[in-house]
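Peer 1: In my numbering, the protein residues as written are 1 to 369.
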Amino acid sequence: MKQIVIKSADTCKYDLVSLGEVMLRFDPSEGRIKTARSFKVWEGGGEYNVARGLKRCFGMRTAIVTGIPQNDVGLLLEDLIYQGGVDMSYVKWFKYDGVGRDVRVGLNFTERGFGVRGALGVSDRANSGAAKLKKGDIDWEKLFGQEGVRWFHCGGIYAALSSTTPEVIIEAMQIAKKYGTIISYDLNYRPSLWQAQVEAGRPNAAQEVNREIAKYVDVMIGNEEDFTASLGFTVEGLDHHIKGLDSNNFKKMLDQVKQMYPNFKAMATTLREVHTASDNDWAALLSYEDKFYDSMKLEHLAIFDRVGGGDSFASGLIYGFLTGKSPQEALNYGVAHGALAMTTPGDTSMASLKEVENLVKGGSARVAR
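1. Taking the alpha-carbon of H153 as reference, which of N49, F94 and R190 has the nearest alpha-carbon?
2. How is the alpha helix (DSSP H) around K291 delimited, first residue to last?
3. What three-state label does DSSP hand M23 in the structure shown?
4. What are the start and end residues of the alpha helix (DSSP H) that includes N210?
5. What residue does the alpha helix (DSSP H) around F313 start on, and which one ends it?
6. Is the CB-CB distance between G129 and G67 below 8 Å?
7. Cutting at 7 Å between CB atoms, please list the residues of its own chain near T323, excluding the five before and the five after it.
8. Apart from the five residues on each side of it in sequence, which residues of its chain come closer than 7 Å, Cβ to Cβ, to K2?
9. Would Q195 be called buried (16 or more neighbouring beta carbons within 10 Å of its own) or exposed?
10. Who pairs with K40 in a beta bridge, going by DSSP?
11. Take every Cβ of the stretch 78-92, pair it with every Cβ of the stretch 57-66, and state whether three or more of those distances are shorter than 8 Å.
12. Taking Cβ to Cβ, would you say M253 is nearer than 8 Å to F227?
13. In angstroms, rounded to a whole number, what distance separates the CA positions of M350 and K40?
14. Quick check on V122: buried or exposed, where buried means 16 or more other Cβ atoms within 10 Å of its Cβ?
15. List in chain order: all unbroken beta strand (DSSP E) runs of 3+ residues lying wholly within the stretch 251-283.
16. Do you know offhand how far V116's Cα is from S163's?
17. Going by other Cβ atoms of all chains shown within 10 Å of its Cβ, with 16 needed for buried, is K354 buried or exposed?
18. What span of residues does the beta strand (DSSP E) with L298 cover, start to end?
19. Mark P262 as exposed unless 16 or more other C-beta atoms lie within 10 angstroms of its C-beta, in which case mark it buried.
20. Determine the direct distance from the alpha carbon of L271 to that of S247, and round the result to whole angstroms.
21. What is the DSSP secondary structure of H240, reduced to helix, strand or coil?
22. In or out: A302 buried (at least 16 other Cβ within 10 Å) or exposed?
23. Classify P345 as helix, strand or coil using the three-state DSSP reduction.
24. Give me the DSSP bridge partner(s) of L231.
25. Please identify the residue among L77, N249, Y319 and I175 whose C-alpha is closest to the C-alpha of L285.
26. In the structure shown, what three-state DSSP assignment does N108 receive?
27. Within 10 Å of its beta-carbon, does Q207 have 16 or more other beta-carbons around it, so buried, or fewer, so exposed?
28. Quick one: measure Cβ to Cβ for G46 and R25, integer angstroms, because I've assumed they're closer than 8 Å.
29. Use the C-beta contact count for E111: other C-beta atoms within 10 angstroms, 16 or more gives buried, fewer gives exposed.
30. Assuming I169 is part of the alpha helix (DSSP H), what are its boundary residues?
31. Could you tell me whether the Cβ atoms of G180 and K7 are closer together than 8 Å?
32. In whole angstroms, give me the CA-to-CA distance for L238 and N223.
33. With H, G and I counted as helix, E and B as strand and the rest as coil, what does DSSP make of G338?
34. Closest by CA to G148, which one among R37, A277, F114 and A9?
35. Evaluate the contact criterion for the stretch 94-109 versus the stretch 274-293: three or more CB pairs, one atom per stretch, below 8 Å.
36. Going straight from the alpha carbon of V73 to that of V105, what length do you get?
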């Protein structure tokens, strides 16, 4: 594997730009979606969460590329993004047709699990503004060539949203690569998002799309299910569910992936053992420069809201690379940030850099006075 070489901060306007959908998350707090009478509203989305975490926790300069309809629900989403501090200069605003037939804001109803009851998510996101983006809608030459971006991030959730989103991803990655921007991609396989294509006679749609996108990626992120469902990699004798935090079998899989995609400069995965919805073991693995790095291990981590933990892992890992930390340090920053994000509600991180650094150093949960 080749070394990750990142452009200097003084030559670029942005440290990271993400491409993806930003949804409104409706959270019934301690209740259930099907019996709720009120919801808390957050913003969130797999790709956006990475940009927001890098901005709010780590102080990086980030932007989001997405699509939003011009109505008051879109303005609510804009207001929430403003609070997150992520630059919206490259948001495409779509004319609203009055009923959301052509374009709308995606909604995500998500309840937190507890004990033996797992978390539950119900998406209502068809025809969202982000899904309507197509090639030529965004001036990538201006973004990557004139203004400058050190790191570009996207993922498999956005790739699954419509027939045009994979084309937008590849267009962006081709121009990012032209200007030396590092590209990361989180496979983030979601069966529900590919279900319609499977039912339409494309059982391997996820693999067809993600294998093409993978050709442009420098840093690939995903768990065992992601690499199997999205890229088709399996290891004989490897459980679908990695038991405990043992990463040895996963290393066999990543060796296979490395042979197929020599363009990957690094691969990272989270390792999670679910004892209950609110009690998980949590760790991660990084493959970089022909070496494996095992992260710090957090056993029996108390989970408040697990949604967004993987995205916060990605932003912590990317922060480590952007700031010149060692691969081991970058990996541990990802694990610590992901762990802290799962202690608070909502998709996005509420952690501080000080809290991340304290956990990386082995700090405890004693009261800070």
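Positions of the beta carbon are idealized from the N, C-alpha and C atoms, including for glycine. Bear in mind that the values here come from a model prediction, so they are computed numbers and not experimental data.
Peer 2: Well, looking at it:
1. N49
2. Where K291 is concerned, there is no enclosing alpha helix (DSSP H), although the beta strand (DSSP E) it sits in stretches over K291 to D294.
3. strand
4. If you look at N210, you'll find it in the alpha helix (DSSP H) that goes A205 to A214.
5. G309 to L322
6. Yes, they are a contact pair.
7. Hits under 7 Å: none found.
8. K265
9. exposed
10. D27
11. yes
12. yes
13. 16 Å
14. exposed
15. 266-276
16. 37 Å
17. Around the beta carbon of K354, fewer than 16 other beta carbons lie within 10 angstroms, which makes this residue exposed.
18. L298 to A302
19. exposed
20. 8 Å
21. Because the pLDDT at H240 is just 46, under 50, the model does not fix this residue reliably, and the value given afterwards should be weighed accordingly. Three-state result, H240: coil.
22. Classification of A302: exposed, given that the 10 Å Cβ count is below 16.
23. Coil, per DSSP.
24. In DSSP, L231 forms no bridge with anything.
25. N249
26. strand
27. For Q207, the number of other beta carbons within 10 angstroms of its own is at least 16, and it is reported as buried.
28. G46 to R25, Cβ: 12 Å. No contact.
29. buried
30. T165 to K178
31. yes
32. Because the pLDDT at L238 is just 49, under 50, the model does not fix this residue reliably, and the value given afterwards should be weighed accordingly. Cα-Cα distance, rounded: 13 Å.
33. helix
34. Selected option, being the one with the closest Cα: A9.
35. no
36. 7 Å
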